[in-house]
Each structure stands twice: as structure tokens, then as C-alpha cells.
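Peer 1: Sharing a structure with you now.
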Amino acid sequence: MAGKPIDIEIIKSFIEKQKNVETEENEPEQPYSLSKKDFDISRDLVANGLKNSGYRFISEEEFSKKLFDIFKITKNSNCDRVSSTNHHIILFGNAMDGSKNTRIQNQYDLYGDTQNLFIVPDEKFLTQTFLVKDLVKINGNTFAIDLPQFIVARNKYLFNDSKTDLTWLLFNDKEFLKRLVTDFGYDKEEKINQMVLVNLYKKYADPSHNITEKMGELFFTKNCEGKLQIQQGLLDFVSRHTTKDDDRFIYALGNYLDYLFKEDRDDIFTESPSKKFTIDEKAKIVAFVANIESPAFYKFKPMNSSTAWHNSGTALYNMTAAHPEILKIIERNNYYGLSALKEVIESVAFEEEGSGSL
Numbered sequence: 001m002a003g004k005p006i007d008i009e010i011i012k013s014f015i016e017k018q019k020n021v022e023t024e025e026n027e028p029e030q031p032y033s034l035s036k037k038d039f040d041i042s043r044d045l046v047a048n049g050l051k052n053s054g055y056r057f058i059s060e061e062e063f064s065k066k067l068f069d070i071f072k073i074t075k076n077s078n079c080d081r082v083s084s085t086n087h088h089i090i091l092f093g094n095a096m097d098g099s100k101n102t103r104i105q106n107q108y109d110l111y112g113d114t115q116n117l118f119i120v121p122d123e124k125f126l127t128q129t130f131l132v133k134d135l136v137k138i139n140g141n142t143f144a145i146d147l148p149q150f151i152v153a154r155n156k157y158l159f160n161d162s163k164t165d166l167t168w169l170l171f172n173d174k175e176f177l178k179r180l181v182t183d184f185g186y187d188k189e190e191k192i193n194q195m196v197l198v199n200l201y202k203k204y205a206d207p208s209h210n211i212t213e214k215m216g217e218l219f220f221t222k223n224c225e226g227k228l229q230i231q232q233g234l235l236d237f238v239s240r241h242t243t244k245d246d247d248r249f250i251y252a253l254g255n256y257l258d259y260l261f262k263e264d265r266d267d268i269f270t271e272s273p274s275k276k277f278t279i280d281e282k283a284k285i286v287a288f289v290a291n292i293e294s295p296a297f298y299k300f301k302p303m304n305s306s307t308a309w310h311n312s313g314t315a316l317y318n319m320t321a322a323h324p325e326i327l328k329i330i331e332r333n334n335y336y337g338l339s340a341l342k343e344v345i346e347s348v349a350f351e352e353e354g355s356g357s358l
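Written as C-alpha cells, this is what we have:
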């Protein structure tokens, strides 16, 4: 299903009114504020433009699965970073940017800081606030829809699994892909994970920052229901890219575990990990880090790499020695089904760490 047919005179009238939208470059005497009517016409133009561009409008079942896999939400989700209405789902650009009511009130702000994204459930596509002039080309009494390439590529990649459009986004729309990971928890694509993690590590490891542990915020979050959300795709990436000479991400995650139980330097985090998670959630976080860190440590540490593996012990040993209740919680939860973790805890190497003979 695509958007409704639109009369050329309606197009022209909106273009004329929107000339008075206030921006940094335009300060009209009588500013025009964008409203739902402006959004609705841009929505219909985008829907028709997507159809013309070969976009496949997916089934309800496919759409529901995509919403959860990509944005970790359902059609009825309504939390601080999401607002569901009868007409669209708003994905707020920054959940900490003012109150939710204020952000809903300003949802159609074209140049605001929130960078809201809109999901249209009835027609199953992603859009944002556009001026009509940015979506059409007028020739006399006719017009042609001319969508920005990024809106086509985003929808074809996310909902049609187009790898060609992923390639385009990786070169031309990096900030959007980064937001998928950092704002919404999308971790299903190896190439996006690599781009985001490498860039963030470079940023946080800079001498002026030196806060690589901040990366832990990306791996362990809270979902719309306030429950612990573990980004398994990011952990899998770290596991696959850890070598005898590269423990950068493992080291950062090990540092993050320290802040689960202390408040020192908690100002580097959006929300202090020590306050954000319950003791059971902290134990689960330790378990999932240890599931990839401990096997790599025991495998690579004896090689005495000159560039990595300088810690004297595993994060699991250090955490459970200081907080023995963690190990009890992990065992009580049957190691969360993590076979590598179970083998580590039952191994001679872990026992030797405890005896100081490793």
C-alpha cells in the first residue's frame, strides 16, 4: 500500500505556506509552525516515492519482527525514547533531551536537536519531517516525487534487506547507522557494528578522554520495559575480533565491570552503572563479558604479547573475588546457558587464578 494521491494545488499551497518556516537562514515576520497536516502530506509523498523506487511494502508479520529486531520495540511500545500514537511511532533522537511531553509537543520541529524518526505502521516504512519542496519537482501544473536518496536507502535496507543500499548508507549516511546502534540497540549487521565500535573506541581512547569503559553503555542497556538488554551481536563481534595482539574491546568491557559496583568517575556515563542495574543484572553482565573474555585470556595470555593482555587476571576472577555473591548468582542461573562460561568456572585455570598460581 502506498500513500494517497495528491493534487498539485495542494502541493503548491503547502510549499507556499512552508516558505515561512523559521530556520537559521530564514526569519519570517510571521513564522509558520509545522503541524501534523504538514507531516501527513510529506508522509504520503514519501510513501508514493518509495513505491516508485521499488520499495516492497512488507507484511504485518514481517513488520512486527523488524520493529523488534531493529528498534527493540513493538507497535504499542511507549517509553521515554518512543511514543506510539494512532498514526505513527515516534523514535526520539535523544531520550534525555528534555521531558517526553516537550519532545512530543515539538515532534514536527524540522531543525530541532531531537532528530525524530517516524515509523508509519499502516504503510510500514520509516520517515522524518520534510518540507514539501524537498520531496517534489514541479513543472507547470504537474509534479514528480523526488525523494532524497537516504530515505530510500534506509527503508530498502531496514525493511527489504537490500545489501546494495547498506553499502550506500555505509558511505553516505554513517550518522544514521551509528544511531541505529547507539540509540536503538540494533546489532544485527557486522559491517555496522565494526564501523560504530572502531569509531567509538578511537574517540574514547583519545588521550583527552581515556574512558574506554564508556563503551559498556552500548553493550548493556535497558529496554522500554526497563529490563536489562544485552547486545549479543556486539559481544559476538568483539569475540570474533579479539586476537593475541588485540584486546582493546575486551579490555574496555573489563574496565566497565568495575563501575557496576562503584560510583567513582560515574559522571562519564549517561547513567551510573552502579545505580542503573540490580545485583542480578550486574551478575548477568559479568557473566556475558566473562563468557568471551576468560577463554581469550587463557588462550592468549601465555603468549606474552607486547601489545595486549597486560592484566594479571581475568575480569571474572577479579569481580568474583571482590563480590563472591556474583558467582553464586551465576551458578544459580545455570550460567545463563553460556557453555564457555561454565567450562571456565569449572576449569583448572580459573581455580589456579584463585590460588595465585596462574
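Going by the numbering used here, the first residue of the sequence shown is number 1, and it counts up by one from there.
Ideal Cβ positions, reconstructed from N, Cα and C, are used throughout, including at glycine.
Between Glu-353 and Val-344, what straight-line distance do the alpha-carbon atoms span, to the nearest angstrom?
Peer 2: Looking at the two C-alpha atoms, the distance is approximately 11 angstroms.
Peer 1: Would you call Met-1 buried or exposed, if buried means 16 or more other Cβ atoms sit within 10 Å of its Cβ?
Peer 2: Any reading at Met-1 needs caution, since the residue's pLDDT is 49, under 50, leaving its predicted position unreliable; the model's value is listed next. Its Cβ having fewer than 16 others within 10 Å, Met-1 is exposed.
Peer 1: With H, G and I counted as helix, E and B as strand and the rest as coil, what does DSSP make of Thr-212?
Peer 2: Helix.
Peer 1: Locate the beta strand (DSSP E) running through Ser-83, then write down its first and last residues.
Peer 2: Counting along the chain, the beta strand (DSSP E) containing Ser-83 begins and ends at 82–84.
Peer 1: So the beta strand (DSSP E) Phe-125 belongs to, where does it begin and stop?
Peer 2: 125–127 is the extent of the beta strand (DSSP E) around Phe-125.
Peer 1: Should the region 331–341 be regarded as contacting the region 300–313, the criterion being three or more beta carbon pairs within less than 8 angstroms?
Peer 2: In short, these stretches do not touch, since the Cβ pair count stays below three.
Peer 1: With Leu-135 and Asp-146 assumed to form a contact (beta carbons below 8 angstroms), what rounded beta-carbon distance in angstroms separates them?
Peer 2: About 7 angstroms; that satisfies the 8 angstroms criterion.
Peer 1: Helix, strand or coil: how does DSSP classify Thr-167 here?
Peer 2: Thr-167: helix per DSSP, three-state reduction.
Peer 1: For Phe-269 and Lys-214, which I take to be in contact (beta-carbon distance under 8 angstroms), what is that distance rounded to the nearest angstrom?
Peer 2: About 6 angstroms separates the two Cβ atoms, so the contact holds.
Peer 1: Give, in chain order, every unbroken run of the beta strand (DSSP E) that is at least 3 residues long and sits entirely within the region 133–164.
Peer 2: With a minimum length of 3 residues, the continuous beta strand (DSSP E) runs that stay inside the region 133–164 are 136–139, 142–145.
Peer 1: Let's see if you can read the secondary structure: which residues bound the alpha helix (DSSP H) around Thr-221?
Peer 2: Note, Thr-221: premise wrong, no alpha helix (DSSP H); beta strand (DSSP E) at 220–222.
Peer 1: Within 10 Å of its beta-carbon, does Lys-72 have 16 or more other beta-carbons around it, so buried, or fewer, so exposed?
Peer 2: When all chains shown are included, Lys-72 counts as buried.
Peer 1: Output yes or no for whether 8 angstroms exceeds the beta carbon distance between Pro-273 and Gly-216.
Peer 2: Taking 8 angstroms as the Cβ cut-off, Pro-273 and Gly-216 qualify as a contacting pair.
Peer 1: Can you give me the C-alpha to C-alpha distance between Phe-184 and Asp-80, rounded to a whole angstrom?
Peer 2: When rounded, the distance between both Cα atoms is 12 angstroms.
Peer 1: Between the alpha carbons of Glu-60 and Leu-126, how many angstroms are there, rounded?
Peer 2: Taking the straight line from one Cα to the other gives about 15 angstroms.
Peer 1: For the region 190–201 and the region 99–110, state whether three or more C-beta atom pairs, one from each stretch, are separated by less than 8 angstroms.
Peer 2: As far as the Cβ criterion goes, the region 190–201 does not touch the region 99–110, which means the pair count is below three.
Peer 1: Grab the span of the beta strand (DSSP E) containing Val-120 for me, first residue to last.
Peer 2: Element bounds for Val-120: 117–120.
Peer 1: Taking DSSP as the reference, what is the three-state secondary structure of Thr-242?
Peer 2: It is coil, neither helix nor strand.
Peer 1: Ignore the nearest five residues each way along the sequence and tell me which others in Ser-53's own chain have a CB closer than 8 angstroms to its CB.
Peer 2: Excluding residues within five positions, the ones whose Cβ falls inside 8 angstroms are Leu-147, Val-152, Lys-156.
Peer 1: Over what stretch of residues does the alpha helix (DSSP H) that includes Ile-326 continue unbroken?
Peer 2: Looking at the DSSP string, the run of the alpha helix (DSSP H) that includes Ile-326 is 324–332.
Peer 1: Between which two residues does the alpha helix (DSSP H) holding Ile-11 run?
Peer 2: That run of the alpha helix (DSSP H) goes 8–17.
Peer 1: Across the region 63–77 and the region 158–177, are there enough close Cβ pairs to call them in contact, namely three or more that are closer than 8 angstroms?
Peer 2: These segments touch.
Peer 1: Confirm, please, whether the CB-CB distance from Thr-85 to Leu-110 is below 8 angstroms.
Peer 2: Against a cut-off of 8 angstroms, the Cβ pair of Thr-85 and Leu-110 comes out as no contact.
Peer 1: State the start and end residues of the unbroken alpha helix (DSSP H) segment that holds Gln-194.
Peer 2: Note, Gln-194: alpha helix (DSSP H), 190–205.
Peer 1: With respect to the beta strand (DSSP E) encompassing Ile-89, which residues constitute its N-terminal and C-terminal limits?
Peer 2: Run containing Ile-89: 89–91, per the beta strand (DSSP E) assignment.
Peer 1: Residues in the same chain with beta-carbon distance under 7 angstroms from Lys-4, minus the five sequence neighbours each way, listed in chain order, please.
Peer 2: Excluding positions up to five away in sequence, the list reads Asp-44.
Peer 1: Would the region 283–294 and the region 246–256 be scored as touching if the rule is three or more Cβ pairs under 8 angstroms?
Peer 2: Taking 8 angstroms as the limit for Cβ pairs, the verdict is that the region 246–256 does touch the region 283–294.
Peer 1: To which residues does DSSP link Ile-104 through a beta bridge?
Peer 2: Its beta-bridge partners do not exist; DSSP assigns none.
Peer 1: In whole angstroms, give me the CA-to-CA distance for Thr-221 and Ile-211.
Peer 2: Looking at the two C-alpha atoms, the distance is approximately 18 angstroms.
Peer 1: What three-state label does DSSP hand Leu-131 in the structure shown?
Peer 2: Correct three-state label for Leu-131: coil.
Peer 1: Report yes if the CB atom of Leu-197 is closer than 8 angstroms to the CB atom of Leu-170, and no otherwise.
Peer 2: Not a contact, by the Cβ cut-off of 8 angstroms.
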